[in-house]
Amino acid sequence: MMIQAVKKIAITLLIILLTGWLLHYTWQKRSLSGNNLILSDSDAGTMKFLPKAQYLLGLKAWSDSDAASASAYFRQAVSQDVCYIDAWLKLAETENALGNSEKAKEIVWFTYHRTKQVRRWKWPETLLAYELRMEEIFVHNINYLVQRGIHLHDALQLADAYTEYKTARTIGMLDTENLAPYLQNLMHLKRFTDASLVWNVITVSGKPEPDILLQYVHFLVNNKKIIQADLIWREYTGADGITNPGFEKRITHQGFDWRFSNDPERNWVIKRVTSPTYQGEYALQITFDGNKNISFHHLYQIVPVKSLATYKLTFIWQSGNITTDQGPFIEIYGYDQQGLNMHSRQITGTSEWHSESVQFKPPANCHAVVIRLRRLKSKRFDSKIAGVIRLDNFRINRIAQ
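In case it helps, the numbering used here puts the sequence shown at residues 1110 to 1510.
See below:
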């Protein structure tokens, strides 16, 4: 009986001790709710069985430029939790800082094989692969990130830095589906020669996607690389002269297509309409609401031309109750060279479909003109413009000389 009583007491004491330890452990673990928690060195001993605490202490030591202590803390964390990838990656970083690059590489290989298709750790692992020149891991991760749009700009910048900005090497590093994002990044940085190189590689594999075609031509046109843009545009769209002349296709607002902007205050509204039209299924309608005396220049197209050649622009228009003495008109001026400014007569009042033409001659070194719908402010008392204009069937023809 005495022995049984002693055993019961011993078991009870053990349960009390375990309960106390568990409560203390649970309290410590709950206190580690985020990486922003700041621990002191005195916590190292009291929380030595908590991997998260060792990790946070490692972060503190690392921020204090104490790589050796940080490495020890991170090592303690992974020894208690072998799946603690954050701690493994920080351990690799600290080991590399301490000059133990081979040990760091072993750790990165360890994490790479266990997280190959896991998004969470790809960016820090890629940075380590960059620092350690681990090309297999770096190339895989860069393609993983770019394909999913993760740290896209930074990933492509890092790829360029890895190849010392040798674009041909970067192209060879990227999967085919990642060349378009790379081209977009180069266009953003206005690296014209490098963008051209990527474009050539994209086109070798077949017809480029319509979106990247539009973006690249738009990039060239906006930077006045007209000759190159025109060759690409005609090759892939078949357009020659006016693009989308009857507004039959969706207006892309890019490249050599029509561009327009509507007014947030709705002083004017521009849209394609199915009725009335002059020819085909669509025309373009511009409606002025009569609330303001506006200066209008918000519909235009950039058209490639040959300098010193003579052209004739023809278009069809219809109007309904256009007010004021200053009506809209079509204006033609040089896009990449000054010295040209021609315009049609003003459109006022109400008129059925009517043909209008303007003859012009681009000056020397002018490779494109702008065809724009324009309206100047009126100086009269009744200056607020109202009414509707519809446009259709634009044509541009070169006149033999």
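Just so it is clear, CB atoms sit at the ideal spot from N, CA and C, and this is done for glycine as well. Quantities reported herein were computed from a predicted structural model and do not represent experimental measurements.
DSSP three-state assignment for residue i, whether helix, strand or coil
i            : result
residue 1500 : strand
residue 1191 : coil
residue 1407 : strand
residue 1307 : helix
residue 1461 : strand
residue 1494 : coil
residue 1233 : helix
residue 1466 : strand
residue 1253 : helix
residue 1451 : strand
residue 1473 : coil
residue 1209 : coil
residue 1274 : coil
residue 1259 : coil
residue 1506 : strand
residue 1242 : coil
residue 1130 : Because the pLDDT of residue 1130 is 44, which lies under 50, any placement of that residue in the model is unreliable, and the number read from its coordinates should be weighed accordingly. Looking at residue 1130 - three-state DSSP - the assignment turns out to be helix.
Between the CA atoms of residue j and residue i - distance to the nearest angstrom
i            : j            : result
residue 1243 : residue 1235 : 9 Å
residue 1463 : residue 1297 : 43 Å
residue 1360 : residue 1286 : 27 Å
residue 1138 : residue 1324 : Its pLDDT being 47, under 50, residue 1138 is placed unreliably by the model, and nothing is read from it.
residue 1449 : residue 1441 : 7 Å
residue 1133 : residue 1231 : Note that residue 1133 scores 42 on pLDDT, short of 50, meaning its location in the model is unreliable; the coordinates nonetheless yield the value given after this. Between residue 1133 and residue 1231, the C-alpha separation is close to 35 Å.
residue 1452 : residue 1428 : 18 Å
residue 1165 : residue 1273 : 35 Å
residue 1473 : residue 1263 : 43 Å
residue 1215 : residue 1229 : 20 Å
residue 1414 : residue 1447 : 14 Å
residue 1493 : residue 1501 : 25 Å
residue 1252 : residue 1202 : 22 Å
residue 1163 : residue 1185 : 7 Å
residue 1499 : residue 1480 : 16 Å
residue 1509 : residue 1342 : 24 Å
Spatially closest choice to residue i from the options, by CA coordinates
i            : options                   : result
residue 1417 : 1477, 1495, 1467 and 1432 : 1477
residue 1362 : 1408, 1373, 1284 and 1389 : 1408
residue 1334 : 1304, 1283 and 1500       : 1304
residue 1372 : 1403, 1261, 1439 and 1382 : 1403
residue 1276 : 1486, 1506 and 1306       : 1306
residue 1432 : 1425, 1475, 1490 and 1479 : 1490
residue 1443 : 1249, 1475 and 1284       : 1475
residue 1394 : 1383, 1249 and 1401       : 1383
residue 1471 : 1488, 1445, 1486 and 1457 : 1445
Whole-Å CB distance - residue i paired with residue j, under 8 Å assumed
i            : j            : result
residue 1268 : residue 1397 : Not a contact, Cβ separation roughly 50 Å.
residue 1233 : residue 1198 : 5 Å
residue 1410 : residue 1438 : With a Cβ gap of about 15 Å, residue 1410 and residue 1438 do not count as contacting.
residue 1389 : residue 1344 : With a Cβ gap of about 25 Å, residue 1389 and residue 1344 do not count as contacting.
residue 1289 : residue 1318 : 7 Å
residue 1435 : residue 1375 : Actually they are not in contact, since the Cβ atoms of residue 1435 and residue 1375 sit about 20 Å apart, beyond 8 Å.
residue 1336 : residue 1310 : About 21 Å; that fails the 8 Å criterion.
residue 1420 : residue 1505 : 6 Å
The ligand FMN heavy atom lying under 7 Å from the CB of residue i
i            : result
residue 1270 : Within the structure as shown, the ligand FMN is missing, as the structure has no ligands at all.
Could you pull out every unbroken beta strand (DSSP E) segment of at least 3 residues lying fully inside the stretch 1345–1431, listed in chain order?
1377–1382, 1392–1398, 1405–1413 and 1419–1431
Minimum length 3: unbroken beta strand (DSSP E) runs contained in the stretch 1314–1338
none
Curious, which full-length alpha helix (DSSP H) runs of at least 4 residues does the stretch 1278–1304 contain?
1288–1297
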